[in-house]
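Numbered per the working numbering, the sequence shown finishes at 505, counting up by one with no gaps. Glycine included, every Cβ here is placed at the ideal spot set by N, Cα and C. Scroll down for the structure; my scribbles are underneath it.
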Amino acid sequence: MTETIEAPAGLKPVHHWIGGRSVTGSSGRTGAIYNPATGRQTKEVDFATPEEVDAAVQAAKAAFPAWREISIAKRAELFFRIRELLHDRREDVARILTAEHGKVLSDAIGEVTRGLEVIEFCCGLPTLLKSEYSEQVSTGIDVYSIRQPLGVVAGITPFNFPAMVPMWMWAPALACGNTFVLKPSEKDPSASMWTAELLKEAGVPDGVFNVVHGDKVAVDAVLEHPDIAAVSFVGSTPIARYVYETATSRGKRCQALGGAKNHMIVLPDADIDMAADAAVSAAYGSAGERCMAISQVVAVGHAAEPLIEAIKARIPMVKVGDGLDPDSEMGPLITEAHRDRVASYVENAPAEGAKVLVDGREGAPGDGFFLKPSLLDDVKPGMRAYEDEIFGPVLGVTRVDTYDEAVKLVNDNPYGNGTAIFTRDGGVARQFQFDVEVGMVGINVPIPVPVAYYSFGGWKASLFGDRHIYGPEGIDFYTRGKVVTSRWPDPATSKVDLGFPQTR
Ligand code: NAD
Numbered sequence: 002m003t004e005t006i007e008a009p010a011g012l013k014p015v016h017h018w019i020g021g022r023s024v025t026g027s028s029g030r031t032g033a034i035y036n037p038a039t040g041r042q043t044k045e046v047d048f049a050t051p052e053e054v055d056a057a058v059q060a061a062k063a064a065f066p067a068w069r070e071i072s073i074a075k076r077a078e079l080f081f082r083i084r085e086l087l088h089d090r091r092e093d094v095a096r097i098l099t100a101e102h103g104k105v106l107s108d109a110i111g112e113v114t115r116g117l118e119v120i121e122f123c124c125g126l127p128t129l130l131k132s133e134y135s136e137q138v139s140t141g142i143d144v145y146s147i148r149q150p151l152g153v154v155a156g157i158t159p160f161n162f163p164a165m166v167p168m169w170m171w172a173p174a175l176a177c178g179n180t181f182v183l184k185p186s187e188k189d190p191s192a193s194m195w196t197a198e199l200l201k202e203a204g205v206p207d208g209v210f211n212v213v214h215g216d217k218v219a220v221d222a223v224l225e226h227p228d229i230a231a232v233s234f235v236g237s238t239p240i241a242r243y244v245y246e247t248a249t250s251r252g253k254r255c256q257a258l259g260g261a262k263n264h265m266i267v268l269p270d271a272d273i274d275m276a277a278d279a280a281v282s283a284a285y286g287s288a289g290e291r292c293m294a295i296s297q298v299v300a301v302g303h304a305a306e307p308l309i310e311a312i313k314a315r316i317p318m319v320k321v322g323d324g325l326d327p328d329s330e331m332g333p334l335i336t337e338a339h340r341d342r343v344a345s346y347v348e349n350a351p352a353e354g355a356k357v358l359v360d361g362r363e364g365a366p367g368d369g370f371f372l373k374p375s376l377l378d379d380v381k382p383g384m385r386a387y388e389d390e391i392f393g394p395v396l397g398v399t400r401v402d403t404y405d406e407a408v409k410l411v412n413d414n415p416y417g418n419g420t421a422i423f424t425r426d427g428g429v430a431r432q433f434q435f436d437v438e439v440g441m442v443g444i445n446v447p448i449p450v451p452v453a454y455y456s457f458g459g460w461k462a463s464l465f466g467d468r469h470i471y472g473p474e475g476i477d478f479y480t481r482g483k484v485v486t487s488r489w490p491d492p493a494t495s496k497v498d499l500g501f502p503q504t505r
């Protein structure tokens with residue numbers, strides 16, 4: 002977590018957003034926000050007290066009845082307006098992402114664009130909230146189901162997609178008629194404040210969308226709050242497990258998405274150049290700080306040598322630099338501490354028995370939190386570099402002899418977020434889709450993030466909870482079902498009947 006610091010003079014403050022306005026924090030605890038490309042602190046963010054979290058929940062609770070009453074037509078119209086504003090200003094928020102996260106501007110625009118797709122999906126809320134109706138289930142009796150909002154719901158989000166991941170949550174939550182409290186990452190929280198102002202401008206009533214910043218204190222206050230009905234979480238696996246267990250033990254609905262170790266299997270028949278392009282893009286894009294990044298290539302049989310050579314040849318071409326420089330393809334890591342932790346996997350690799358083929362610690366530019374792409378060979382289960390989610394630009398290669406060994410590696414891994422297979426054999430690819438115990442599968446596609454009208458989520462330690470996020474499962478998560486059995490009898494046929502109701 003970001004260290005707590007005394008507020009240095011002159012740094013731009015980031016406050017909470019409660020009831021439609023910016024609210025200065027009162028805890029005296031703040032977190033440092035850096036520009037990772039320069040290594041300098043640029044802002045400081047207030048850390049909320051439980052009372053400030055409560056104030057946000059009360060604002061959301063007060064806004065709920067009126068928000069829920071708004072007709073589906075009007076809510077849909079609002080979503081179209083939000084979509085237009087966000088679309089027109091996506092570069093503004095992308096610049097905020099680059100300044101605080103470090104990802105290159107084109108990637109930041111890509112993040113906003115993928116988030117926009119979720120908002121576009123939510124513009125279809127009249128269709129998404131349609132229910133079922135059965136006429137004459139018994140003589141004169143009809144049955145229909147309706148889906149209603151839960152009330153106040155909360156989202157807790159990670160640093161690596163400061164705009165998109167919150168959109169995965171607040172867009173379907175609001176579309177379904179809930180009001181929302183967001184606790185974004187304390188490392189890059191400004192995009193959430195930008196979003197709050199945009200939603201207000203679009204016409205979202207005050208209190209419908211609130212933001213509180215902070216660390217474990219704020220998260221625990223969310224998890225403990227009796228008026229929060231559901232919690233969506235995206236972050237690392239240990240915190241996801243903690244959030245899921247705490248929230249559900251308090252009777253809340255919870256979906257908690259965790260970390261990943263995504264394997265890309267390359268079979269001997271694959272197009273090696275295409276596989277190498279995919280591996281380099283998926284391992285080093287956004288400096289490897291993506292939960293769907295490929296961190297492990299599994300080279301089967303004689304695919305290994307040409308594949309490794311092709312990856313090695315591509316790595317020097319990756320342009321590492323400040324994300325605002327249009328020539329940069331890969332930016333810095335989020336913090337100095339994280340950069341050093343990622344570098345330690347390269348440092349320790351030889352002692353563990355792996356080979357460092359490309360060492361990204363050499364020649365990193367500037368004063369920022371940079372690390373260039375690294376490539377490790379002979380990485381095996383049991384090594385730290387294999388077992389841990391590194392979450393940086395370090396790609397490991399594991400060599401195996403057969404498809405079965407490759408699939409066993411993936412299935413034995415505790416994570417199950419994403420995976421990919423590269424092959425020209427449709428039969429093997431289909432078998433892989435059948436065999437593999439992972440939530441999102443790519444066939445010759447290295448980062449298979451589902452489009453907005455499917456749902457996103459991993460298996461095993463990558464997701465705690467039953468429902469995946471956004472798409473149809475997102476609508477399901479943010480609503481609860483009610484079934485109405487209805488009779489409008491002819492008074493002339495009414496009589497007392499103490500028998501158990503049966504269809505007639
Ligand atoms: P993180 O778990 O450190 O933080 C996520 C959120 O939890 C933040 O809001 C943070 O303030 C809060 N938090 C951190 N420590 C806490 C604690 N002890 N108690 C309560 N709350 C705490 O994750 P991160 O470093 O911000 O993000 C990177 C991680 O997120 C990676 O593991 C990545 O794989 C994962 N991630 C997963 C997905 C997915 O869809 N599965 C998507 C994006 C990121």
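Legend entry - Within 8 Å, strictly: CB atoms of TYR145 and VAL485: Their beta carbons are under 8 Å apart, which means TYR145 touches VAL485 by this criterion.
Inset, instruction - Go ahead and pull the three-state DSSP assignment for ARG362. - result: When secondary structure is reduced to three states using DSSP, ARG362 falls in the coil class, being assigned neither helix nor strand.
Inset, instruction - Please confirm if the segment 221-228 is in contact with the segment 433-440, defined as three or more CB-CB distances below 8 Å between the two stretches. - result: no
Legend entry - Per DSSP, the bridge partner or partners of PHE181: VAL154, PHE210
Inset, instruction - Check whether the Cβ of ILE309 sits closer than 7 Å to any heavy atom of ligand 1, and report yes or no. - result: no
Inset, instruction - Taking only heavy atoms of ligand 1 into account, decide whether any of them is closer than 7 Å to the Cβ of ALA407. - result: no
Inset, instruction - Tell me, to the nearest whole angstrom, how far the beta carbon of ALA365 is from that of LEU334; I am working on the premise that it is less than 8 Å. - result: No, ALA365 and LEU334 are not in contact; Cβ-Cβ is about 10 Å, not under 8 Å.
Legend entry - For ASP360 and SER375, believed in contact at Cβ under 8 Å, the rounded distance: 6 Å
Legend entry - Three-state secondary structure (DSSP) of GLN503: Annotated three-state conformation of GLN503 is coil, per DSSP.
Legend entry - GLU52 versus ASP405: straight-line alpha-carbon distance, rounded: Between the alpha carbons of GLU52 and ASP405 lies a gap of roughly 54 Å.
Legend entry - Residue of ALA64, ALA300, THR504 minimising C-alpha distance to ALA277: ALA300
Inset, instruction - List the DSSP bridge partners of TRP460. - result: In the DSSP output, where bridge partners are listed per residue, TRP460 has GLY417.
Inset, instruction - Rounded to whole angstroms, what's the CA-CA distance from GLN297 to ALA49? Just pull it up for me. - result: 38 Å
Legend entry - Beta-carbon contacts of GLU133 that lie in its chain and below 7 Å, excluding the five residues immediately before and after: TYR145, SER146
Legend entry - 8 Å contact criterion, which SER237 and GLY215 should meet: CB distance rounded: Rounded, the Cβ-Cβ distance is 17 Å, inconsistent with contact.
Inset, instruction - Look up LYS381 in the DSSP assignment and say whether it is helix, strand or coil. - result: coil
Inset, instruction - State yes or no: is the C-beta of LEU499 nearer than 7 Å to some heavy atom of ligand 1? - result: no
Inset, instruction - Indicate whether the contact test is met: 3 or more Cβ pairs, each with one atom in the segment 92-100 and one in the segment 59-79, closer than 8 Å. - result: The segment 92-100 is not in contact with the segment 59-79.
Inset, instruction - Keeping to the same chain, check which residues put their C-beta closer than 6 Å to that of ILE19; ignore five residues upstream and five downstream. - result: ALA56, ALA57, ALA60, ASN211
Legend entry - ARG488, buried or exposed, once every other Cβ within 10 Å from all chains shown has been counted against 16: exposed
Inset, instruction - Check PRO327 in the structure and name its three-state DSSP category. - result: In the structure shown, PRO327 sits in coil (DSSP, three-state: anything other than H, G, I, E or B).
Legend entry - Validate contact between the segment 136-143 and the segment 153-164 using beta carbons, cut 8 Å, 3 pairs: No: the two stretches stay apart, fewer than three of their Cβ pairs being nearer than 8 Å.
Inset, instruction - Please state whether DSSP places MET293 in a helix, a strand or coil. - result: coil
Inset, instruction - Return the CA-CA distance between ILE391 and MET165, expressed in angstroms with no decimal places. - result: Roughly 22 Å between the two C-alpha positions.
Legend entry - Minimum length 4: unbroken alpha helix (DSSP H) runs contained in the segment 239-320: 273-285, 305-315
Inset, instruction - Find the nearest neighbour of TYR1 within the set LYS131, GLU70, TRP169, SER27, judged by alpha-carbon distance. - result: Nothing about residue 1 can be reported from this structure: the residues present for the chain run from 2 to 505 only.
Inset, instruction - Check the C-beta distance from PHE80 over to CYS123 and give it rounded, since I have them as a contact under 8 Å. - result: 5 Å
Inset, instruction - Rounded to whole angstroms, what's the CA-CA distance from LEU199 to LYS356? Just pull it up for me. - result: 49 Å
Legend entry - Cut-off 6 Å between Cβ atoms - residues of its own chain near LYS496, not counting five sequence neighbours on either side: none
Legend entry - the segment 378-389 contacting the segment 279-288, beta-carbon criterion three pairs below 8 Å: Contact between the segment 378-389 and the segment 279-288 is absent: fewer than three C-beta pairs spanning the two stretches fall below 8 Å.
Inset, instruction - Apply the 10 Å Cβ neighbour rule to LEU499 and answer buried if 16 or more other Cβ atoms are within range, or exposed otherwise. - result: exposed
Legend entry - DSSP-derived helix/strand/coil call for LEU376: strand
Inset, instruction - Can you give me the Cβ contacts of LEU268 inside the same chain, cut-off strictly under 6 Å, excluding the 5 residues immediately before and after it? - result: Counting only residues of its own chain and dropping the five nearest sequence neighbours on each side, LEU268 has a CB closer than 6 Å to the CB of VAL301, THR424.
Inset, instruction - Using only the heavy atoms of ligand 1, determine whether one of them is closer than 7 Å to the beta carbon of ALA56. - result: Because no heavy atom of ligand 1 lies under 7 Å away, the Cβ of ALA56 does not count as near it: no.
Inset, instruction - Decide if GLU112 is buried, meaning its Cβ has at least 16 other Cβ atoms within 10 Å, or exposed. - result: Burial state of GLU112 is buried, judged by a 10 Å Cβ sphere holding 16 or more other Cβ atoms.
Inset, instruction - Return the first residue and the last residue of the alpha helix (DSSP H) that ASP477 is part of. - result: 472-478
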